[in-house]
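S.K.:
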Amino acid sequence: MTIASACERIAPIWPLDRWIAVNPWWGHRQQKIENADAELRTRANTGLLMPPDFYLNAWQGSRVRSEDLIRAAGERQLQGTAESLVTRLKAARHQRNGEQMSLACSGRLEKIRQQLGGLCARYFDSRQGRWRAATEGRDLYDLWFDQQTQSVGSGNGHLASQLARLPNNWQQAAAFVVAELPSADARLEAVVHQLLLQLLGWSSWCRGEDWRACLEGRSLNLCPQLATILLVHEWLAASELSVRDRGAWLDQWSSLRWLTQGDESAQILWVWHRAYEMTWQRQFLERLCSVNSTEKQLVATPEVQAAFCIDVRSEVLRRHLEACYPKAETLGVAGFFGMPVVHQALGPSGGEAHLPGLLAPVYRFGETLGSAAADRVLNLKLDGREQVRESVRGAKYSSLSTFTLVETTGLAWAWKLIRDSLHHNPSKQPKSSEGRLFHCYGGDPLSDRERVDLAEGLLRAMSLTRRFASLLLLVGHGAHTDNNPNEAGLACGACGGKNGGLNASIAAGLLNDRSVRAGLAERGIVLPDSSLVLAAEHCTVTDEVRILAGSGIPESHQRIYTDLVNQLQVAANSSRRERATALQLNGHTDQQLHAAMKLRTRNWAEVRPEWGLANNAAMIIGSRHMTRGLDLGGRCFLHDYNPDLDQDGSVLAALMSAPMVVANWINLQYFASVTQPSVYGAGNKLLHSVVGGNLGVIEGNGADLRIGLPWQSVHDGERWRHEPMRLTVLIHAPAERIEQVLCAQPDVKALVDNQWLWLWRAGDKGVVQYRDGDWLPI
Numbered sequence: 001m002t003i004a005s006a007c008e009r010i011a012p013i014w015p016l017d018r019w020i021a022v023n024p025w026w027g028h029r030q031q032k033i034e035n036a037d038a039e040l041r042t043r044a045n046t047g048l049l050m051p052p053d054f055y056l057n058a059w060q061g062s063r064v065r066s067e068d069l070i071r072a073a074g075e076r077q078l079q080g081t082a083e084s085l086v087t088r089l090k091a092a093r094h095q096r097n098g099e100q101m102s103l104a105c106s107g108r109l110e111k112i113r114q115q116l117g118g119l120c121a122r123y124f125d126s127r128q129g130r131w132r133a134a135t136e137g138r139d140l141y142d143l144w145f146d147q148q149t150q151s152v153g154s155g156n157g158h159l160a161s162q163l164a165r166l167p168n169n170w171q172q173a174a175a176f177v178v179a180e181l182p183s184a185d186a187r188l189e190a191v192v193h194q195l196l197l198q199l200l201g202w203s204s205w206c207r208g209e210d211w212r213a214c215l216e217g218r219s220l221n222l223c224p225q226l227a228t229i230l231l232v233h234e235w236l237a238a239s240e241l242s243v244r245d246r247g248a249w250l251d252q253w254s255s256l257r258w259l260t261q262g263d264e265s266a267q268i269l270w271v272w273h274r275a276y277e278m279t280w281q282r283q284f285l286e287r288l289c290s291v292n293s294t295e296k297q298l299v300a301t302p303e304v305q306a307a308f309c310i311d312v313r314s315e316v317l318r319r320h321l322e323a324c325y326p327k328a329e330t331l332g333v334a335g336f337f338g339m340p341v342v343h344q345a346l347g348p349s350g351g352e353a354h355l356p357g358l359l360a361p362v363y364r365f366g367e368t369l370g371s372a373a374a375d376r377v378l379n380l381k382l383d384g385r386e387q388v389r390e391s392v393r394g395a396k397y398s399s400l401s402t403f404t405l406v407e408t409t410g411l412a413w414a415w416k417l418i419r420d421s422l423h424h425n426p427s428k429q430p431k432s433s434e435g436r437l438f439h440c441y442g443g444d445p446l447s448d449r450e451r452v453d454l455a456e457g458l459l460r461a462m463s464l465t466r467r468f469a470s471l472l473l474l475v476g477h478g479a480h481t482d483n484n485p486n487e488a489g490l491a492c493g494a495c496g497g498k499n500g501g502l503n504a505s506i507a508a509g510l511l512n513d514r515s516v517r518a519g520l521a522e523r524g525i526v527l528p529d530s531s532l533v534l535a536a537e538h539c540t541v542t543d544e545v546r547i548l549a550g551s552g553i554p555e556s557h558q559r560i561y562t563d564l565v566n567q568l569q570v571a572a573n574s575s576r577r578e579r580a581t582a583l584q585l586n587g588h589t590d591q592q593l594h595a596a597m598k599l600r601t602r603n604w605a606e607v608r609p610e611w612g613l614a615n616n617a618a619m620i621i622g623s624r625h626m627t628r629g630l631d632l633g634g635r636c637f638l639h640d641y642n643p644d645l646d647q648d649g650s651v652l653a654a655l656m657s658a659p660m661v662v663a664n665w666i667n668l669q670y671f672a673s674v675t676q677p678s679v680y681g682a683g684n685k686l687l688h689s690v691v692g693g694n695l696g697v698i699e700g701n702g703a704d705l706r707i708g709l710p711w712q713s714v715h716d717g718e719r720w721r722h723e724p725m726r727l728t729v730l731i732h733a734p735a736e737r738i739e740q741v742l743c744a745q746p747d748v749k750a751l752v753d754n755q756w757l758w759l760w761r762a763g764d765k766g767v768v769q770y771r772d773g774d775w776l777p778i
């Protein structure tokens with residue numbers, strides 16, 4: 001269990017083509033955040049916070065108020081004036097983080113990293129490498145064991161004899177090595193964790209593969225295998241130590257340096273970071289409380305309701321749409337629209353999951369042209385095209401390709417090179433897909449009851465069960481960029497790093513279905529015949545909103561549809577103007593600005609097509625009337641919730657355990673990529689090489705995968721574009737209902753109690769914060 005519990009400390013990552021933001025400290029959620037910081041300082045010589053100079057600059061720029069600094073110090077029973085706290089922060093620049101325990105294999109760690117990095121790249125590659133006979137159907141440990149035995153041979157008698165003692169089964173090897181090393185479980189777990197942190201990228205990849213297999217009911221144990229390999233290296237290195245060095249090594253095992261005790265510099269940094277967060281929270285909450293009561297009123301009789309993803313980028317467009325179209329009402333909901341599906345396109349391609357990484361797919365959406373015969377013809381055509389591509393790939397990666405392929409096919413690709421360089425490559429456009437829903441397992445079509453369940457779940461999730469407008473628009477979002485291996489990170493995280501138009505189309509199809517509407521009516525949700533549901537996709541690079549299948553609008557809805565299209569264009573122009581400064585595109589007309597942003601989708605040299613979710617800071621779970629008319633600066637996740645329609649608290653439980661956790665993952669992924677970019681960031685995009693087709697990226701000639709966000713996603717070359725602060729969550733619901741969710745959801749409670757996010761409640765008596773089991777006034 002020691003190895004397994006150490007692996008639990010490592011957060012999973014996802015492949016590039018379905019990359020999603022992940023809280024890199026997810027494995028530490030059961031610890032107080034400051035204890036996790038101290039533990040990582042000891043085990044990896046890296047903490048969670050920014051260096052002292054960052055907070056000094058924030059102080060000098062009035063980004064930290066003196067009253068908040070005194071209050072933050074008081075939370076930790078520290079006394080003193082603001083000036084004395086500034087002095088202590090300056091002193092922290094010269095204090096060490098503390099000693100890190102030396103591993104026996106420290107002297108050869110880089111060699112081990114290189115060896116295991118290459119091994120993992122070959123083992124997991126299912127696309128670029130063509131010589132896979134030696135890896136297929138084998139355990140990672142089994143492959144390493146063979147490679148290690150062959151490389152040692154008889155050249156090193158000691159190592160060869162040690163390896164001869166080692167079982168070739170990973171479970172047996174793990175038990176053997178654990179028995180050979182000092183056996184205190186807590187210290188052994190710390191050693192395994194530290195070893196995994198030395199190869200964090202591949203450890204995270206193995207953890208992700210294990211995570212996804214577990215969702216499907218399978219067990220791979222790849223991270224424990226990698227941990228076993230690393231532990232074997234530690235055992236081998238320890239066996240070669242001199243008597244003196246081995247004694248020092250054993251002393252470290254039995255020392256108290258593994259206890260997570262923060263030092264003076266860490267303590268003062270946490271005071272300053274808390275004050276930094278407090279200053280922003282105070283301003284944010286004061287603005288929320290100051291919204292004019294007339295602005296808080298819902299549109300009396302909306303003619304359009306537009307449901308957007310909770311993504312912070314949607315807030316900007318929603319605000320401008322409401323401003324230019326007073327008869328429109330916008331809502332927020334998780335961008336997969338409650339459709340946990342795998343998309344199966346026609347042709348030979350595999351299915352693509354369009355759902356949050358926390359969930360397992362339940363249904364498969366199979367595309368069709370409307371008849372089996374038409375599907376068969378297209379499938380044959382696409383199969384033939386893929387066979388040609390596969391032949392080219394096979395030639396490209398063969399041993400002779402360096403001598404022949406470039407000369408024989410180079411000119412054939414010249415036209416594409418010229419076209420892409422001149423930005424004349426065709427832009428990617430969302431499309432509406434026709435198809436049918438099936439069960440992932442068994443393949444049976446969904447019953448009417450199951451289809452009604454999906455539709456009801458979506459409507460109740462966004463508290464839309466009455467007062468329907470004539471036109472309901474479901475707006476997914478996506479990013480259309482070229483030559484960007486990190487593109488999925490700009491797409492919809494709720495859709496598993498895919499664009500959300502497909503999910504919106506599936507949901508719209510269900511809500512327009514007469515049999516589904518009849519089933520909803522039996523459950524008390526009457527969606528009138530006069531209400532039409534449409535799907536759309538919002539491109540977050542250009543702020544264009546393309547309505548899918550807009551040609552079939554009935555005459556009765558033409559006027560509203562035309563007004564909506566026109567106002568979406570007006571809102572998009574306003575959104576682009578708001579974003580222009582951050583993208584250094586000021587001084588353009590609306591038309592020029594639109595063209596400049598469209599160019600960013602096709603320019604293969606553009607390393608910053610947009611800022612994505614940078615600067616996310618808060619989440620509001622409540623009715624839109626709380627924030628309508630308020631400029632939230634594109635920093636807020638917004639999910640609609642009406643407590644009056646959720647008497648049993650089931651909807652709130654779902655929102656706090658899924659969308660809120662996803663928002664926490666996004667928030668801390670950006671946080672970590674700024675505070676510790678060398679560990680939790682992906683490095684410089686210009687130095688990236690893609691591994692295994694879509695496994696991940698390495699930087700330069702590095703051996704380990706880089707996790708997190710590239711430098712260009714959080715920094716503009718002069719300053720940070722993301723302020724690293726923990727998520728502030730504000731929920732409009734009764735206190736006892738929120739507490740009920742915390743008691744029933746251990747992971748959610750851990751995030752709140754251990755201060756991985758801040759929880760607030762909006763009620764009749766104002767805003768209060770949840771701290772240590774109690775609600776405290778602002």
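Residue numbering for the sequence shown follows full-length UniProt numbering, beginning at 1 and increasing consecutively. Backbone N, C-alpha and C define an ideal beta-carbon position, used for all residues, glycine too.
(1) Should Ser575 and Leu317 be called a contact, given that it needs their Cβ atoms to be closer than 8 Å?
(2) Kindly indicate which three-state DSSP category Met462 falls into: helix, strand or coil?
(3) With a CB to CB cut of under 6 Å and the five nearest residues on each side skipped, what residues in its chain are close to Asn667?
(4) Pairs of beta-carbons, one from the stretch 503-515 and one from the stretch 732-739, closer than 8 Å: are there three or more?
(5) Report the option in Gly681, Tyr670, Val651, Val86 whose CA atom is closest to the CA atom of Pro710.
(6) Among all the DSSP beta bridges, which residues are the ones paired with Cys309?
(7) Residues in its own chain within less than 6 Å of Ser293 by CB, not counting five upstream and five downstream?
(8) Between the stretch 629-646 and the stretch 459-469, do at least 3 Cβ pairs fall closer than 8 Å?
(9) Where do the ends of the alpha helix (DSSP H) carrying Met660 lie?
(10) Rounded to the nearest angstrom, what separates Ala11 and Gly27 at their Cα positions?
(11) Going by beta carbon distance, what residues of the same chain come within less than 8 Å of residue 779, once the five residues before and after it are set aside?
(12) Which parts of the stretch 437-518 are runs of the alpha helix (DSSP H), unbroken and 4 residues or longer, counting only runs that do not cross its ends?
(13) Give the DSSP bridge partners of Gly27, in chain order.
(14) State the start and end residues of the unbroken beta strand (DSSP E) segment that holds Tyr363.
(15) Helix, strand or coil: which one does DSSP assign to Ser689?
(16) Give the DSSP bridge partners of Cys206, in chain order.
(17) Between the stretch 327-344 and the stretch 303-311, do three or more beta carbon pairs fall short of 8 Å?
(18) Let's test the definition: count the other Cβ atoms within 10 Å of the Cβ of Pro659 and tell me whether it reaches 16, buried, or not, exposed.
(19) At which residues does the alpha helix (DSSP H) containing Pro224 begin and terminate?
(20) By the DSSP assignment, the beta strand (DSSP E) with Leu636 in it spans what residues?
(21) Just the Cα atoms here: how many angstroms apart are Glu34 and Ala237?
(22) My output table needs one value for Cys324: the three-state DSSP class, helix, strand or coil.
(23) Tell me where the alpha helix (DSSP H) around Gly118 begins and ends.
(24) To the nearest angstrom, how far is the alpha carbon of Phe54 from that of Arg436?
(25) Give the C-beta separation of Asn586 and Ala580 to the nearest angstrom, bearing in mind that I take them to be a contact with Cβ-Cβ under 8 Å.
(26) Ignore the nearest five residues each way along the sequence and tell me which others in Glu295's own chain have a CB closer than 7 Å to its CB.
(27) Starting from the C-beta of Asn694, find all residues in its chain whose C-beta is less than 6 Å away, skip the five residues before and the five after it, and write them out in chain order.
(28) Looking only at its own chain, which residues have a Cβ that is under 8 Å from the Cβ of Gly763, when we skip the five neighbours before and after it?
(29) Does DSSP put Val341 in a helix, in a strand, or in coil?
(30) Leu723 lies in the alpha helix (DSSP H); which residues open and close that run?
(31) For a test of the three-state rule: what should DSSP assign to Val570, helix, strand or coil?
(32) Tell me the DSSP bridge mates of Pro182?
(33) Does the structure place the stretch 335-354 close enough to the stretch 364-375 that three or more beta carbon pairs sit under 8 Å?
(34) If you follow the alpha helix (DSSP H) that residue 807 is in, where does it begin and where does it stop?
(35) On a Cα-Cα basis, can you pick out the residue from Trp775, Cys495, Ile3 that is closest to Ser183?
(36) Pull up the CB-CB distance for Thr481 and Val565, whole angstroms please, since I reckon it's below 8 Å.
M.R.: Quick answer:
(1) The residue given as residue 575 occupies position 575 in the sequence shown. The residue given as residue 317 occupies position 317 in the sequence shown. Taking C-beta atoms as the reference points, Ser575 and Leu317 count as a pair closer than 8 Å.
(2) Here residue 462 is taken as the residue at index 462 of the sequence shown, counted from 1. DSSP places Met462 in coil when its eight states are reduced to three.
(3) Locating residue 667 in the sequence shown gives position 667, where the first residue counts as 1. Closer than 6 Å at the Cβ level, and outside the excluded window around Asn667, lie Asn616, Leu727.
(4) no
(5) Along the sequence shown, one-based indexing puts residue 710 at 710. Nearest of Gly681, Tyr670, Val651, Val86 to Pro710, Cα basis: Gly681.
(6) Locating residue 309 in the sequence shown gives position 309, counting from the first residue. Paired residues: Val333.
(7) Stepping through the sequence shown from its first residue, residue 293 is reached at position 293. Low per-residue confidence applies at Ser293: pLDDT is 47, beneath 50, and the placement is therefore not dependable, though the value from the model is reported in the following sentence. Nothing meets the Cβ criterion.
(8) Output reads yes: the stretch 459-469 touches the stretch 629-646.
(9) The residue labelled residue 660 in the question sits at position 660 within the sequence shown. First-last of the alpha helix (DSSP H) with Met660: 659-675.
(10) Translated into the one-based positions of the sequence shown, residue 11 becomes position 11. Translated into the one-based positions of the sequence shown, residue 27 becomes position 27. Just so you know, the alpha carbons of Ala11 and Gly27 end up roughly 6 Å apart.
(11) The chain is shown from 1 up to 778; residue 779 falls before or after that span and cannot be answered.
(12) Whole alpha helix (DSSP H) segments, 4+ residues: 448-461, 501-512.
(13) Sequence index remark: in the sequence shown, residue 27 carries index 27 (1-based). Answer is none; Gly27 lacks a bridge partner.
(14) To locate residue 363, count along the sequence shown from 1; it is residue 363. Taken as a continuous stretch (DSSP letters only), the beta strand (DSSP E) holding Tyr363 covers 363-367.
(15) As a position in the sequence shown, residue 689 is number 689, starting the count at 1. Collapsing the DSSP output to three states places Ser689 in a strand.
(16) In the sequence shown, residue 206 corresponds to position 206, counting from 1. In the DSSP output, where bridge partners are listed per residue, Cys206 has none listed.
(17) yes
(18) Here residue 659 refers to the residue found at position 659 of the sequence shown. It counts as buried.
(19) As a working mapping, residue 224 is identified with position 224 in the sequence shown. Unbroken alpha helix (DSSP H) run through Pro224: 222-239.
(20) The sequence position of residue 636 within the sequence shown is 636, counting from 1. Inspection of the sequence shows that residue 636 is occupied by Cys rather than by Leu. Note, Cys636: beta strand (DSSP E), 636-639.
(21) Working through the sequence shown from its first residue, we reach residue 34 at position 34. Working through the sequence shown from its first residue, we reach residue 237 at position 237. Straight-line Cα distance between these residues: approximately 33 Å.
(22) Numbered from its first residue, the sequence shown carries residue 324 at position 324. If DSSP states are grouped into helix, strand and coil, Cys324 belongs with the helices.
(23) Position 118 of the sequence shown holds residue 118. Its alpha helix (DSSP H) spans residues 109-124.
(24) Counted from its first residue, the sequence shown places residue 54 at position 54. Counted from its first residue, the sequence shown places residue 436 at position 436. Their backbone Cα atoms lie some 53 Å apart in a straight line.
(25) As a first step, residue 586 is located in the sequence shown; it is residue number 586 there, counting from the start. As a first step, residue 580 is located in the sequence shown; it is residue number 580 there, counting from the start. Right, the Cβ-Cβ distance comes to about 5 Å (below 8 Å), so this counts as a contact.
(26) Position 295 of the sequence shown, counted from the first residue, corresponds to residue 295. With a pLDDT of 47 at Glu295, under the threshold of 50, the modelled position of that residue is not reliable, and no figure is offered here.
(27) To locate residue 694, count along the sequence shown from 1; it is residue 694. Correct list, in chain order: Pro15, Leu16, Asp17.
(28) For the purposes of this step, residue 763 is taken as residue 763 along the sequence shown, with counting starting at 1. Annotation for Gly763: His732, Pro734, Ala735 place their beta carbon closer than 8 Å to its own, counting only its chain and skipping 5 residues before and after.
(29) Looking up residue 341 in the sequence shown gives position 341. Val341: strand per DSSP, three-state reduction.
(30) Residue numbering aside, residue 723 sits at position 723 when the sequence shown is read from its first letter. The question names Leu, but residue 723 in the sequence shown is Glu. Secondary structure note for Glu723: it is in no alpha helix (DSSP H), with a DSSP letter that is neither H nor E.
(31) One-based indexing of the sequence shown puts residue 570 at position 570. Val570: helix per DSSP, three-state reduction.
(32) Stepping through the sequence shown from its first residue, residue 182 is reached at position 182. Per DSSP, none; premise fails for Pro182.
(33) yes
(34) In the structure displayed, the chain extends from 1 to 778; residue 807 sits before or after that span and is not available.
(35) As a working mapping, residue 183 is identified with position 183 in the sequence shown. If you compare the alpha carbons of Trp775, Cys495, Ile3 with that of Ser183, the shortest gap goes to Ile3.
(36) Position 481 of the sequence shown, counted from the start, is the residue given in the question as residue 481. Position 565 of the sequence shown, counted from the start, is the residue given in the question as residue 565. No, Thr481 and Val565 are not in contact; Cβ-Cβ is about 25 Å, not under 8 Å.
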